[in-house]
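Asker: So the protein lines, in turn, are chains P and U.
The numbering used here numbers the first residue of the first sequence as 1 and each following residue consecutively.
The numbering used here numbers the first residue of the second sequence as 220 and each following residue consecutively.
Even glycine gets a Cβ: it sits at the ideal position worked out from N, Cα and C.
Bear in mind the structure is a predicted one, so any value in this text is a computation, not a measurement.
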Amino acid sequence: MSEDVHPIASLLAAVARGITGVQVQWAGCEPSERQRIYFANHTSHLDFVVLWSALPSEIRARTRPIAAKDYWEETPLRRYLAENVFKALLVERGAMAKAKSPEEAKFVGRMLIEDMAAALGQRNSLIFFPEGTRGSGEKVGEFRAGLYHLALRRPDVELVPAYLENMNRILPKGEFLPVPMLSLLTFGMPMQVEPGEEKETFLERAREAVSSLRRIGSA
Amino acid sequence: MLPAFPDAKLMWLFGGVLFLLIVSTFIGGILKERHRGDSSRATIDNLNARIRAWWKMCAIFAVSLLIGRVGSLVLFAIISFLALREYMTLVPTRRGDHRTLFWSFFVIMPLQYYLVGIQWYGFFAIMIPVLAFIFVPSSIAIHGDTEHFLERAAKIQFGLMVCAYCLSHAPALLLLKIPGFEGLDARLLLYLVIVDQMSDVLQYVWGKLIGKHKIAWRVSPNKTWEGFVGGMLSATALGTALWWVTPFTPLQSAGMSFTICILGFAGGLVMSAIKRDIGIKDFGVVIEGHGGILDRIDSLCFAAPIFFHLVRYYFVP
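Okay, here's the thing in structure tokens:
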């Protein structure tokens with residue numbers, strides 16, 4: 001993995017910032033070169049680029065998104081963007097549900113976590129959308145278990161919640177032309193899995209950490 | 220046609236604005252020194268932030284005017300875009316409005332300015348009040364979401380009227396053909412903007428100095444009768460004193476500036492009422508100390524179209 005940011009990535013980040021006029025607020029922590037997993041609500045294709053562009057450039061170079069394989073491998077352009085431009089880690093959605101036996105599902109799940117842990121390596125950070133899919137923006141959906149397992153696997157990495165506001169109005173699901181409204185991005189307080197914390201409790205706490213960062217009510 | 224450059228009277232106007240900026244920066248600095256650490260500091264910091272913002276705004280405006288008609292047109296188109304953006308961000312819209320909003324930003328608004336540019340008055344005048352008025356609800360209806368339908372259509376149309384249509388009348392002054400005033404119309408635009416913005420500033424200053432009795436306190440708690448009367452009178456006096464840059468006589472100039480001041484006040488009040496309705500204080504935080512772009516131009520939005528039509532009716536044969 002090279003440390004350089006692909007020029008197209010920088011260009012797209014600048015465009016996304018221009019369209020969304022995003023105002024970034026580090027409410028719960030400061031930008032840091034520490035290894036982190038940024039996790040946020042997901043309502044738009046712009047989410048990743050905007051979140052990524054909000055990071056200082058030296059941190060950007062080693063922050064990778066986790067994205068859905070089925071979507072990003074569908075066309076050559078998407079594949080190029082995901083693999084070469086943003087160096088995304090592509091994961092298969094619903095791979096565990098497709099498994100034939102509980103043992104296989106467990107194995108597939110563990111492999112996914114290993115992939116993500118490997119993508120983190122010793123220096124990288126990840127951008128993670130734990131809802132797994134884009135929502136309507138009215139409220140933050142339930143989180144999938146990956147965040148919990150990855151956090152257990154790599155307890156040394158900080159989990160930073162973030163809330164992206166208005167992205168669903170700028171480029172909602174199913175539209176391909178953006179409307180240039182203004183948006184807000186708020187980073188919250190880093191969190192960790194508490195010793196002995198149940199999966200459901202943690203995921204709900206993480207979801208709450210994201211949705212509590214909302215600053216304006218939407219329509 | 221290129222403006223007569225250098226237009227000596229235009230340069231005098233710029234010089235006057237520069238002088239005001241320097242004087243106010245000086246006063247701001249003195250106030251800051253004198254009131255170090257007492258209770259009025261927040262007000263004075265806000266005042267100085269406003270003065271700094273004025274330097275930037277005046278510089279941008281001056282450059283665009285010197286570039287000529289295209290410069291002013293592009294500048295106002297950008298202002299319209301930013302204002303519409305602030306407005307639409309804060310006014311609730313629904314998923315079903317997405318396409319209509321896209322059209323508003325990228326077709327209707329630019330087309331309005333294009334029409335000013337090619338000087339097609341007839342089309343320019345009906346573009347948003349007639350064509351967009353029909354297009355907006357139709358395109359929302361085609362999408363099929365009828366929840367709050369009338370409100371949504373009305374809100375989008377209102378935003379287009381204020382941010383695009385009304386404001387575009389300011390650069391449209393440059394296409395008026397006033398006999399004996401050819402190539403000098405940049406002065407008219409500058410006159411409108413100076414009187415309108417000075418009316419805002421002077422209302423603020425008078426209000427801060429002697430303001431006591433609230434006017435429409437439910438809508439805008441900072442507006443007072445003293446500020447209103449003082450602002451109207453002093454800005455009208457200023458506008459009258461600037462008659463020599465316009466095609467007006469001093470008396471006509473007094474009437475024009477008074478109209479600009481009253482309409483500017485109405486514009487500010489209406490925008491405040493909308494902000495109250497939505498439940499926010501400012502439309503955005505783009506210009507330090509001023510709230511958003513829309514907060515700065517609300518008075519111009521109401522003054523520009525009426526000023527345009529008054530000039531067109533009385534001075535263009």
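For leucine 150 (chain P) versus alanine 206 (chain P), is the C-beta distance shorter than 9 Å?
Answerer: For leucine 150 (chain P) and alanine 206 (chain P), no; Cβs fall outside 9 Å.
Asker: I'd like to check one pair, leucine 46 (chain P) with isoleucine 19 (chain P): are the Cβ atoms closer than 9 Å?
Answerer: Contact: yes.
Asker: The beta strand (DSSP E) spanning tryptophan 322 (chain U) covers which residue range?
Answerer: Looking at the DSSP string, tryptophan 322 (chain U) is not in any beta strand (DSSP E); the run it does join, the alpha helix (DSSP H), is 317-322.
Asker: Can you name, in chain order, every residue of its own chain whose Cβ lies under 6 Å from the Cβ of alanine 105 (chain P), other than the five neighbours on each side?
Answerer: If we look at alanine 105 (chain P) and ignore the five residues flanking it on each side, its Cβ neighbours are Met96 and Ala99.
Asker: Looking at C-beta atoms only, is the number of pairs between the stretch 161-170 of chain P and the stretch 179-186 of chain P that lie closer than 8 Å three or more?
Answerer: Yes, the stretch 161-170 of chain P is in contact with the stretch 179-186 of chain P.
Asker: So which residues of chain P does histidine 362 (chain U) contact, with C-beta pairs closer than 9 Å?
Answerer: The premise fails here: histidine 362 (chain U) is roughly 11 Å from chain P at the closest Cβ pair, so nothing lies under 9 Å.
Asker: Using the Cβ count rule (16 or more neighbours within 10 Å means buried), how would you classify lysine 494 (chain U)?
Answerer: Lysine 494 (chain U) should be labelled buried.
Asker: Under 7 Å Cβ-Cβ, which residues of chain U neighbour proline 190 (chain P)?
Answerer: Correct list: empty, because the minimum Cβ distance to chain U is about 27 Å.
Asker: Count the C-beta pairs between the stretch 431-439 of chain U and the stretch 252-260 of chain U that are closer than 8 Å, then say yes if the count reaches three, no if not.
Answerer: Short answer: they don't touch.
Asker: Start and end of the alpha helix (DSSP H) containing proline 65 (chain P)?
Answerer: Not the alpha helix (DSSP H): proline 65 (chain P) falls in the beta strand (DSSP E), residues 63-68.
Asker: Give every residue of the same chain whose Cβ lies closer than 8 Å to the Cβ of glycine 188 (chain P), excluding the five residues on either side of it in the sequence, and list them in chain order.
Answerer: Hits under 8 Å: Ala27, Gly28, Cys29, Val160, Pro161, Ala162, Tyr163, Ala209, Val210, Ser212 and Leu213.
Asker: Suppose you measure from the CA of glycine 290 (chain U) to the CA of leucine 408 (chain U); what does that come to, to the nearest Å?
Answerer: Each residue's Cα considered, the two are about 13 Å apart.
Asker: Span of the alpha helix (DSSP H) holding tryptophan 273 (chain U)?
Answerer: First-last of the alpha helix (DSSP H) with tryptophan 273 (chain U): 260-286.
Asker: Going by Cα to Cα distance, which pick from U:Trp322, U:Leu330 and U:Gly378 is closest to alanine 302 (chain U)?
Answerer: Alanine 302 (chain U) has its Cα closest to that of U:Gly378, out of U:Trp322, U:Leu330 and U:Gly378.
Asker: For leucine 221 (chain U), count the other beta carbons within 10 Å of its own beta carbon; 16 or more makes it buried, fewer makes it exposed. Which is it?
Answerer: With a pLDDT of only 48 at leucine 221 (chain U), under the threshold of 50, the placement of this residue in the model should not be trusted, and no figure is reported.
Asker: Tell me, please, whether the CB atom of arginine 515 (chain U) is closer than 9 Å to any CB atom in chain P?
Answerer: It does not: the Cβ of arginine 515 (chain U) has no partner Cβ on chain P nearer than 9 Å.
Asker: At least one CB of chain U closer than 9 Å to the CB of glycine 18 (chain P): is that the case?
Answerer: Closer than 9 Å: no.
Asker: What runs of the alpha helix (DSSP H), each 4 residues or longer, lie entirely inside the stretch 316-367 of chain U?
Answerer: Counting whole runs of 4 or more residues, the stretch 316-367 of chain U contains the alpha helix (DSSP H) stretches 317-322, 328-336, 340-345 and 352-362.
Asker: Can you tell me the Cα-Cα spacing of leucine 568 (chain U) and valine 420 (chain U), whole angstroms?
Answerer: This structure gives no information on residue 568 (chain U), because the portion of chain U shown stretches from 220 to 536.
Asker: Shorter than 9 Å from the beta carbon of leucine 369 (chain U) to some beta carbon of chain A?
Answerer: Reference to chain A is not applicable here, since the protein chains of this structure are P and U.
Asker: Counting only the same chain and skipping the five closest in sequence on each side, list residues whose C-beta sits under 6 Å from that of glycine 487 (chain U).
Answerer: Contacts found: Asp517 and Ser518.
Asker: Of the choices P:Asp156, P:Lys173 and P:Leu185, whose alpha-carbon is the least far from that of glutamate 194 (chain P)?
Answerer: The shortest C-alpha separation from glutamate 194 (chain P) is found at P:Asp156.
Asker: Please go through the stretch 106-187 of chain P and give each complete alpha helix (DSSP H) segment of 4 or more residues, from N-terminal end onward.
Answerer: Counting only runs of 4 or more, we get 146-153 and 167-170.
Asker: Sorted by chain position, which residues of the same chain lie with C-beta nearer than 8 Å to aspartate 70 (chain P)'s C-beta, five sequence neighbours on each side aside?
Answerer: So the qualifying residues of the chain are Glu92 and Arg93.
Asker: Compare the C-beta of leucine 221 (chain U) against all C-beta atoms of chain P and say whether one is closer than 9 Å.
Answerer: With a pLDDT of 48 at leucine 221 (chain U), under the threshold of 50, the modelled position of this residue cannot be trusted; read the value that follows with caution. Answer no: the Cβ-Cβ gap between leucine 221 (chain U) and chain P never drops below 9 Å.
Asker: Relative to the C-alpha of proline 466 (chain U), which candidate in U:Leu330, U:Leu369 and U:Asp404 has its C-alpha closest?
Answerer: Of the listed residues, the one whose Cα sits closest to proline 466 (chain U) is U:Asp404.
Asker: Between U:Ala473, U:Trp425 and U:Leu369, which lies nearest to threonine 312 (chain U) when the distance is taken from Cα to Cα?
Answerer: When only C-alpha atoms are compared, the closest one is U:Leu369.
Asker: Residues of chain P with CB closer than 9 Å to the CB of methionine 475 (chain U), please, in chain order.
Answerer: Correct list: empty, because the minimum Cβ distance to chain P is about 36 Å.
Asker: Rounded to the nearest angstrom, what separates histidine 388 (chain U) and tryptophan 273 (chain U) at their Cα positions?
Answerer: Approximately 22 Å, taken between the alpha carbons.
Asker: Can you tell me the Cα-Cα spacing of alanine 68 (chain P) and lysine 275 (chain U), whole angstroms?
Answerer: Taking the straight line from one Cα to the other gives about 46 Å.
Asker: Could you give the uninterrupted runs of the beta strand (DSSP E) lying entirely in the stretch 418-500 of chain U, keeping only those of 3 residues or more?
Answerer: DSSP runs (the beta strand (DSSP E)) wholly in the stretch 418-500 of chain U: none.
Asker: For the alpha helix (DSSP H) that leucine 240 (chain U) lies in, which residues bound it at each end?
Answerer: Where leucine 240 (chain U) is concerned, the enclosing alpha helix (DSSP H) stretches over 227-253.
Asker: Suppose contacts are defined by Cβ-Cβ distances below 9 Å. Is serine 53 (chain P) in contact with arginine 17 (chain P) by that definition?
Answerer: The answer is yes: Cβ separation under 9 Å.
Asker: Excluding sequence positions up to five away, which residues of its chain have a Cβ less than 7 Å from the Cβ of glutamine 471 (chain U)?
Answerer: There are no such residues.
Asker: Does any residue of chain P bring its CB to less than 9 Å from the CB of methionine 328 (chain U)?
Answerer: So, not an interface residue.
Asker: Could you check where the alpha helix (DSSP H) with leucine 203 (chain P) kicks off and where it finishes?
Answerer: Start and end: 199-211.
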